[in-house]
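A.B. asks: First the structure, which I've put down as structure tokens, then a few questions once you've had a look.
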Amino acid sequence: MSRLAPFAEQVVGIDPDPEAIVYARQRISPVSNVSLVVGDFLTMPVPSPEEPFSLVTCVATLHHMELRSAPPKCAKCSHLVASPHSWSSS
């Protein structure tokens, strides 16, 4: 996230593990445009069409999910939250 921050107005990190969020906060504390959220990306509300994310990326996530249902859910959520002029990666 600290590598994306210089190129973005705002960076949002989401992780279901509160300890991971604590660790991430320690690492990115000097970066002002990064916010961290404890939550599950697949169950969080989808942003409104007026305020979509420009980039959705998943790093080290799929191996934590049920393999038959996770990839389609990730693809669907990425498509819903990214703006029409953006891209997503995993």
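The opening position of the sequence shown corresponds to residue -7 in this note's numbering, with each subsequent residue numbered one higher. The C-beta atom is built at its ideal place from N, Cα and C for all residues, glycine as well. For clarity, every value in this text was computed on a predicted model and none was experimentally measured.
Between the stretch 40 to 53 and the stretch 13 to 30, do at least 3 Cβ pairs fall closer than 8 Å?
C.D. replies: Segments in contact, no.
A.B. asks: Are there 16 or more other CB atoms within 10 angstroms of the CB of residue 26, so buried, or fewer, so exposed?
C.D. replies: Walking along the sequence shown from the start, residue 26 turns up at place 34. Classification for residue 26: buried.
A.B. asks: Please return the same chain residues whose Cβ sits closer than 7 Å to the Cβ of residue -3, not counting the five positions on each side in sequence.
C.D. replies: By 1-based counting over the sequence shown, the position of residue -3 is 5. The residues are 3, 23, 25, 26.
A.B. asks: Hey, residue 6 and residue 33: beta-carbon distance below 9 Å or not?
C.D. replies: One-based indexing of the sequence shown puts residue 6 at position 14. One-based indexing of the sequence shown puts residue 33 at position 41. Yes, these two residues count as a Cβ contact at 9 Å.
A.B. asks: Rounded to whole angstroms, how far is the Cβ of residue 31 from the Cβ of residue 8, which I believe are closer than 8 Å?
C.D. replies: As a position in the sequence shown, residue 31 is number 39, starting the count at 1. As a position in the sequence shown, residue 8 is number 16, starting the count at 1. Rounded, the Cβ-Cβ distance is 7 Å, consistent with contact.
A.B. asks: Between residue 28 and the rest of its own chain, which residues show a CB-CB distance below 7 Å, the 5 nearest in sequence each way excluded?
C.D. replies: Translated into positions along the sequence shown, residue 28 becomes position 36. Excluding sequence neighbours, residue 28 sits near 5, 13, 16, 17.
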